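Report on one structure; see the data block that follows.
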Amino acid sequence: MEAVKAENLNYSYPDGTRALRDISLSIGDGEKVAVVGPNGSGKSTFLTMLNGVRKGTGLLEIFGHPMNRENVKVIKQLVGIVFQNPDDQLFCPTLFEDISFGPLNQRKAPEEVRTLVELALREVGLIGMQHRSSFHLSFGERKLASIATVAAMYPSLIALDEPTSNLDMAHRRKIIHWVQKNSKTIILTSHDLDMILETCQRVILFNKGSIVKDGTVQEILHDEALLTSNDLELPLGLQK
Amino acid sequence: MRHEFFDHHREGNSPLHHFDPRLKLFMMLFFIAAVVMTPLDKNILFFLYLGIVLILAFMSQVSLFHFLGKLLKLYPMIFLISMFVPFFPDGEDISHRIGFLSIYENGVQKFLLINIKAVLALFMSILITTTTDMMLLLKGMEKFRVPKLAIAIISFMYRFIFLLIDEVERMMLAFQSRYFRLPVLERLAVFANMIAVLFIRTFERGERIYLAMESRGFRGEVHTLTELNWKKTDSTALLIFLILLIGPVIFAFLNS
Ligand SMILES: Nc1ncnc2c1ncn2[C@@H]1O[C@H](COP(=O)(O)OP(=O)(O)OP(=O)(O)O)[C@@H](O)[C@H]1O
Ligand SMILES: [Mg+2]
C-alpha cells in the first residue's frame, strides 16, 4: 500500500497565494524521499498537508485513508511532522515534557512513556538533557529535540522540514545517521543536497508550487542543467 | 539575551530549595492570607511576618540583596497604586494642610498598611519562586487541583515569554542598526508598527504551535506525569511554620 497518494492536489493560503498547483504523486511504504526546490516553492506547505494540518483541494490519501474530517484523527497518528522552526515544536517548559507530550496523548502507560523519552533522546544524541528548558538550548539542539518529540511517537510516516539547516557537522551527521537507520517512510525537504545524496533514493523537484521532475537521486541531483534552471546547485560531493 | 528576571529560579542546595513544592505553595498562600487579613491594631504581628520571611530568606542561602533587588523592581507598582490614598479622608479624619494639598491621618495609616502588606506578600512570593523550579511549581499546582488547562496556559506563558522578549530585542536591534537619529514622531510610528508586527507574529506563532500540538495527538486534554514525594522534613517544616504563624496570631487576637 502507498504511504502517500496525491492527485491534483491544490492549496492556496487564505491571502490568495497559490502555494501548490496540481500535485500528483505516490510514495511507497518505507521509501525515503526528498522534496527539493527554491525558497517559496511550496515544500513546507506540502509537508504540512500530509497530516491534515492544512486542507487543500484534490485527492490525498495517507496509507489508504482518504484525507477527510473523519480520517484526520487516524492520519495524525500515522504521520509525524517536524516543522522548520523548532520553536514551534517545543512548547513545554522542559524537554522531558515536550517529548512525553505525544506518547501521553497516545495514552501510553507512565513507565512506557519514560522509556520512550529515554529512547528518543538517545536516538538523536541528547541523552541527559531531559530536564533542560528548551529556551536554554542552542538552535541545533532544539532542532534535534524537535525530531525527538516526533520520533518518540513512532509514526509510520515522518515528515522532516529542513532537518539539517543551521546545524554543525556533528549534529548534521547525527541526523543523517538517524534517517539512514530509520525503517519508516521518510519525506524530507532540504537545501542540503549532499545530505539527500546520503539518505534518500528518490527526489521530487518543486518549483512555484508544481512538480518539475520526480525521479531517482541519480536522475535529478546529478543533472546540473536541471538543477541550475531551478535555482539549485550540483551537490558539493558531485562537483569536480 | 536578557531573561534573568523571569527566569529567576536559582539552582541551590538549601533546605528551602529541597522543600516539596506543595509545602512551599501552601506556605505562600497561607502566609499571604494571614498578612492580608491582619488589621491595623494588631500591627505587632507584622514583625512576626517579617521575622518568618527573613528566616526563610536566610535558609535559602541566596543573598538578601538578590531578593531586595527584585522587590525594588516590583515595588513602584504598589506605590503607584496606593500613592493617592493619603489624600482621601477615611471616615472622620484629621486633616493637615501642606501647601494646597490636604493629607488625612487615617489615609496615611491606610497607605502604610497597604504598602507593608504588599511588600511582605511580594517578598514571600519572590522567595518561593526564586527557590523553586517553575516545573515543580506547576506540578505542585496540579496537585492542588488547579485546573489543568490553567496550568497549561501558565506553562505556555513561561515558555514563550522568552521568545517574545528575544523577538522584541531582535526587532530593536534591526531597527537600531538601520536608523540613526529619527525625529520623535517618526520613531513613535516605527514603534507602533513594531507592536503591530509583534502582535501578528505572536498570533501566527500561536497557530503554528497549536498545529504542532494537534500533530502530536492533542485533543484538548493535558496529560502529565507527576512525581512529587513528600518527605518527613516537609511535614516537620509545615508543623513549625504553622506553629510559628498561628500561635502568635491566636495570642494577639485573644489579648484584644
Ligand atoms: N502563512 C502564509 N500565508 C500566506 N502565504 C504563505 C504562508 N506561508 C507561506 N506562504 C507562501 O506560500 C509559498 C510556499 O511557501 P513554503 O513555505 O511552502 O515554501 P518552501 O518551499 O518551504 O520555502 P523555503 O525553502 O524558504 O522553506 C510562498 O510563496 C510563500 O510566500
Ligand atoms: Mg520551507
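In the order they appear, the protein sequences are chains A and F. The first sequence begins at -2 in this note's numbering and counts up by one. The second sequence begins at 48 in this note's numbering and counts up by one. In this text, a Cβ means the ideal position worked out from N, Cα and C, and glycines have one as well. It should be emphasised that the depicted structure is a prediction, and the values quoted were computed from it without experimental measurement.
Residue i Cβ short of 6 Å to ligand 1 heavy atom set
i	result
residue 10/A	yes
residue 7/A	no
residue 16/A	yes
residue 241/A	Outside the shown range of chain A (-2 to 237) lies residue 241/A, about which nothing can therefore be said.
Secondary structure of residue i, DSSP reduced to three states
i	result
residue 2/A	strand
residue 174/A	helix
residue 227/A	coil
residue 155/F	helix
residue 287/F	helix
residue 57/A	strand
residue 48/F	Any reading at residue 48/F is ruled out, since the residue's pLDDT is 45, under 50, leaving its predicted position unreliable.
residue 136/F	coil
residue 152/A	coil
residue 123/F	helix
residue 129/F	helix
residue 32/A	strand
residue 10/A	coil
residue 172/F	helix
residue 269/F	coil
residue 66/F	coil
residue 193/F	coil
residue 203/A	strand
residue 148/F	strand
CB-CB length for residue i against residue j, believed under 8 Å
i	j	result
residue 86/A	residue 143/A	4 Å
residue 168/A	residue 137/A	4 Å
residue 48/A	residue 78/A	6 Å
N-terminal and C-terminal residue of the beta strand (DSSP E) that residue i is part of
i	result
residue 15/A	15 to 25
residue 144/F	142 to 145
residue 184/A	182 to 186
residue 106/A	No beta strand (DSSP E) holds residue 106/A; DSSP gives it neither H nor E.
residue 211/A	207 to 213
residue 78/A	76 to 79
residue 240/F	No beta strand (DSSP E) contains residue 240/F, which is instead part of the alpha helix (DSSP H) from 231 to 262.
Inter-residue spacing [alpha-carbon to alpha-carbon] between residue i and residue j
i	j	result
residue 286/F	residue 80/A	50 Å
residue 48/F	residue 211/F	A caution first: residue 48/F carries a pLDDT of 45, below 50, which makes its placement in the model too unreliable to give a value.
residue 202/F	residue 7/A	37 Å
residue 261/F	residue 73/A	8 Å
residue 149/A	residue 227/F	49 Å
residue 61/F	residue 96/A	30 Å
residue 134/F	residue 190/F	45 Å
residue 66/F	residue 117/A	31 Å
residue 166/F	residue 184/A	57 Å
residue 39/A	residue 200/A	15 Å
residue 162/F	residue 126/F	7 Å
Proximity test, residue i beta-carbon vs ligand 2 heavy atom, cut-off 6 Å
i	result
residue 81/A	yes
residue 38/A	no
Any non-hydrogen atom of ligand 3 within 6 Å of residue i CB
i	result
residue 141/F	The model depicted lacks ligand 3 and carries ligand 1 and ligand 2 instead.
CB contact below 7 Å: residue i versus chain C
i	result
residue 160/F	No chain C appears in the structure shown, which is made up of the protein chains A and F.
Endpoints, the alpha helix (DSSP H) within which residue i is located
i	result
residue 42/A	40 to 46
residue 124/A	First-last for residue 124/A: undefined, no H or E at that position.
residue 95/F	92 to 107
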